[in-house]
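The structure appears below as structure tokens.
There are 2 protein chains.
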Amino acid sequence: MTAHTPGPWSDPVTGVCPVAETLRLLGGKHGPTLLHCLTGGEMHFLELSRALGGISRKVLTEQLRVFEAEGLISRTPKQDARRRVAYALTPRGQALGAIIVQLYDWSTARV
Amino acid sequence: MTAHTPGPWSDPVTGVCPVAETLRLLGGKHGPTLLHCLTGGEMHFLELSRALGGISRKVLTEQLRVFEAEGLISRTPKQDARRRVAYALTPRGQALGAIIVQLYDWSTARV
């Protein structure tokens, strides 16, 4: 038997692998990109919409709601004349964003 | 305009986000777990099969082939009486494995 880190690879109660769960949460075409965008600081809806290229208003709104419900991003209505809403990563979202950035670097590096 | 890291969020030629590509590569029920297992060192087929619980021989074989084709793991037939085959992470697989471990820690931590 070769030495290796023992499990748990899955939750002892639910049997679900937490990494697979996280990947599912991130899944979808725009999820990782959205988090990646926000690692640079807060952005308004229209800025995000532009940064994400072809995303529809509806899909972006839904994705933002999912991440807000998961505690990854915060939503702050601004008290300005344009009634803009700013989105930013929570500390938990920032921690995940930092991992996404590493995944990005890994993906683009030809080691 | 709020300061934020500019793109590229997607490959300028293919239009594909490299992180989304990596997540797709990892996707599936057993992919992340398999890499996570191997971060502890090389393992034989049967050890992997046991560590991954309910995985079928067929699915494990296929997943190992995909990761081998992607350059994430190496396959070494042992010159022993049991004709076992050892699987280990390549340097590129190790780099991804280290990120998976961080994802695991993030997933299980309640920040």
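Here the protein sequences come in this chain order: A and B. Read the first sequence against numbering that gives the first Met the number 0 and you will find it ends at 110, with the numbers running on by one and no gaps. Read the second sequence against numbering that gives the first Met the number 0 and you will find it ends at 110, with the numbers running on by one and no gaps. Glycine is no exception: its CB is placed at the ideal position from the N, C-alpha and C atoms.
Here's the rule I'm using: 16 or more other beta-carbon atoms within 10 Å means buried, otherwise exposed. How should residue i be labelled?
i, result
"A68(B)", "exposed"
"P17(A)", "buried"
"A50(A)", "buried"
In angstroms, rounded to a whole number, what distance separates the CA positions of residue i and residue j?
i, j, result
"G111(A)", "E20(B)", "The question about residue 111(A) has no answer here: the residues shown for chain A are numbered 0 through 110."
"F66(A)", "G92(A)", "9 Å"
"D79(B)", "T60(B)", "21 Å"
"M0(B)", "F44(A)", "In this prediction, M0(B) has a pLDDT of 40, which is less than 50 and means its spatial position is unreliable; nothing more can be read from the coordinates."
"G106(A)", "Q101(B)", "For clarity, residue 106(A) is Ser in the given sequence; the question names Gly instead. The alpha-carbon atoms of S106(A) and Q101(B) are separated by roughly 16 Å."
"L95(B)", "H35(B)", "9 Å"
"P76(A)", "L25(A)", "25 Å"
"R81(A)", "I98(B)", "40 Å"
"G39(B)", "L63(A)", "36 Å"
"M42(A)", "A85(A)", "5 Å"
"S48(A)", "A108(A)", "27 Å"
With respect to the beta strand (DSSP E) encompassing residue i, which residues constitute its N-terminal and C-terminal limits?
i, result
"L88(A)", "V84 to L88"
Are the C-beta atoms of residue i and some chain D residue less than 8 Å apart?
i, result
"S73(B)", "Protein chains in the displayed structure are A and B, and chain D is not among them."
In three-state DSSP terms, what is residue i?
i, result
"H43(B)", "strand"
"G96(B)", "helix"
"R81(B)", "coil"
"A50(B)", "helix"
What are the boundary residues of the alpha helix (DSSP H) that includes residue i?
i, result
"C36(B)", "G30 to L37"
"L22(B)", "P17 to L25"
If you scan the stretch 53-77 of chain B from start to end, which runs of the alpha helix (DSSP H) of 4 or more residues do you find wholly inside it? The qualifying runs are 56-68.
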